[in-house]
Amino acid sequence: MAKLYFYYSAMNAGKTTHLLQSSYNYRERGMNTLILSPAFDNRFGKGKVASRIGIESPSIIFSEKQDLLAIVKKHLTERDIHCVLIDEAQFLNKSQVFQLTEVVDQLSIPVLAYGLRTDFQGELFTGSQYLLAWADHLKELKTICHSGSKATMVVRVDEHGRAVKSGNQVEIGGNDRYISVSRAEYKHIFYGEGKIEPVQLSLPIEENKS
Numbered sequence: 011m012a013k014l015y016f017y018y019s020a021m022n023a024g025k026t027t028h029l030l031q032s033s034y035n036y037r038e039r040g041m042n043t044l045i046l047s048p049a050f051d052n053r054f055g056k057g058k059v060a061s062r063i064g065i066e067s068p069s070i071i072f073s074e075k076q077d078l079l080a081i082v083k084k085h086l087t088e089r090d091i092h093c094v095l096i097d098e099a100q101f102l103n104k105s106q107v108f109q110l111t112e113v114v115d116q117l118s119i120p121v122l123a124y125g126l127r128t129d130f131q132g133e134l135f136t137g138s139q140y141l142l143a144w145a146d147h148l149k150e151l152k153t154i155c156h157s158g159s160k161a162t163m164v165v166r167v168d169e170h171g172r173a174v175k176s177g178n179q180v181e182i183g184g185n186d187r188y189i190s191v192s193r194a195e196y197k198h199i200f201y202g203e204g205k206i207e208p209v210q211l212s213l214p215i216e217e218n219k220s
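Below, the structure is given as structure tokens:
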């Protein structure tokens, strides 16, 4: 029975790597997958999903106005689809999450969605909110804060390591950095006087990327 899966985490937990591995596992068994990614995230090239460890795959890009059920149905006229995978699923809107439930319920195709749970202000992304509400299966992918604790949140910092507390929820290619931290570290940095030290800032960090 097909299900909707939501794999969520803070940043740099290997979400895109997990997505690409899942797609590979299907294709290795002679089954077709359809990878979808948001159109505005083109840092690695248009129509491409790339992991920070260097693996990548072509993807079908979609805008916030497109119907994901219609996209899947269109590709079904060309070939069988055995699994749909969504990169950066936090950027879906409510209607698109509902459309993914229809891919599962109408077409009996499993959907694997990967994304961040919360933004740099500690608020749920819209896509994540409805995936948490409607998915059949929830799975947290874990990563580690520089404190050694499990990282569950994302803090946005400037070049001095100080928290950025306002601005657009989505920013691609800006100068600020997004760093995965524990809840305790998030409170210390965002609400207190703490900051990310230069040794953490010097690490390779991808904005809004798994």
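Quick note: the sequence shown uses my numbering, first residue 11, plus one each step. Every residue gets a Cβ at the ideal spot worked out from N, C-alpha and C, and that includes glycine. Computed from a predicted structure; not experimentally measured.
Under 8 Å between the Cβ atoms of residue i and residue j?
i	j	result
A12	V114	yes
A173	V164	no
T229	S105	Here the chain covers residues 11 to 220 and nothing more, so residue 229 does not appear.
I122	L29	Checking the displayed sequence, the identity of residue 122 turns out to be Leu instead of Ile. Closer than 8 Å, so yes.
Y15	H147	yes
K85	M41	Residue identity differs from the one stated: residue 85 is His in this sequence, not Lys. No, they are not a contact pair.
A99	L141	yes
T26	S33	no
Should residue i be flagged as near chain C, meaning a C-beta pair shorter than 8 Å?
i	result
K84	Absent here is chain C; the protein component of the structure consists of one chain.
Between which residues of its own chain and residue i is the CB-CB distance below 8 Å, once the five residues before and five after are set aside?
i	result
A194	S157, S159
M66	The amino acid at residue 66 is misidentified as Met; the sequence shows Glu. Closer than 8 Å at Cβ, skipping near neighbours: L30, F54, K58, V59, A60.
S192	C155, S157, S159, K160, A161, T162, M163
K175	Q131, F200
H170	K205
G202	none
F135	Q100, F101, G125, L126, R127, T128, D129, Q179
Please work out which residues of its chain come closer than 7 Å, Cβ to Cβ, to residue i, disregarding the five sequence neighbours upstream and downstream, and give them in chain order.
i	result
E150	Y18, S19
S118	A12
H198	G204
S69	I45, L46, S47, G57, K58, V59, D97
E112	L79
DSSP state of residue i, grouped into three classes?
i	result
S73	coil
Y242	The shown model of the chain, from 11 to 220, leaves out residue 242, and the question about it has no answer.
K25	helix
Y36	helix
A80	helix
K13	coil
S220	Low confidence applies to S220: its pLDDT is 38, below 50, so where it sits in the model is not reliable, and the reading given next is rough at best. Coil at S220, not helix or strand.
Name the residue from the options whose alpha carbon lies nearest to the alpha carbon of residue i.
i	options	result
Q139	T111, V107, A161, D168	V107
I71	R37, L29, T153, S47	S47
D129	L14, R39, R187, Y36	R187
L78	Y201, V94, R39, W144	V94
Q131	N22, F200, T26, M41	F200
N22	K175, Y124, I206	Y124
S73	A143, H85, A49, E88	A49
P120	A145, F135, E38	A145
E207	V167, G177, N178	V167
Q76	L110, G177, T87, R89	L110
Enumerate in chain order the residues of its own chain whose CB-to-CB distance from residue i is below 6 Å, with the five nearest sequence positions on each side excluded.
i	result
Y196	M163, V165
L102	G137
G177	none
D90	N42
Would you say the beta carbon of residue i comes nearer than 7 Å to a heavy atom of the ligand NAD?
i	result
D129	Ligands in the displayed structure: none, and consequently the ligand NAD is not present.
_Quick check on the DSSP output: what are the complete beta strand (DSSP E) runs of length 3 or more inside the segment 133–176, in order along the chain?_
Those beta strand (DSSP E) runs which fall completely within the segment 133–176 and span 3+ residues are 147–150, 163–167.
_Completely contained alpha helix (DSSP H) runs for the segment 96–129, where each covers 4 or more residues_ = Counting whole runs of 4 or more residues, the segment 96–129 contains the alpha helix (DSSP H) stretches 104–117.
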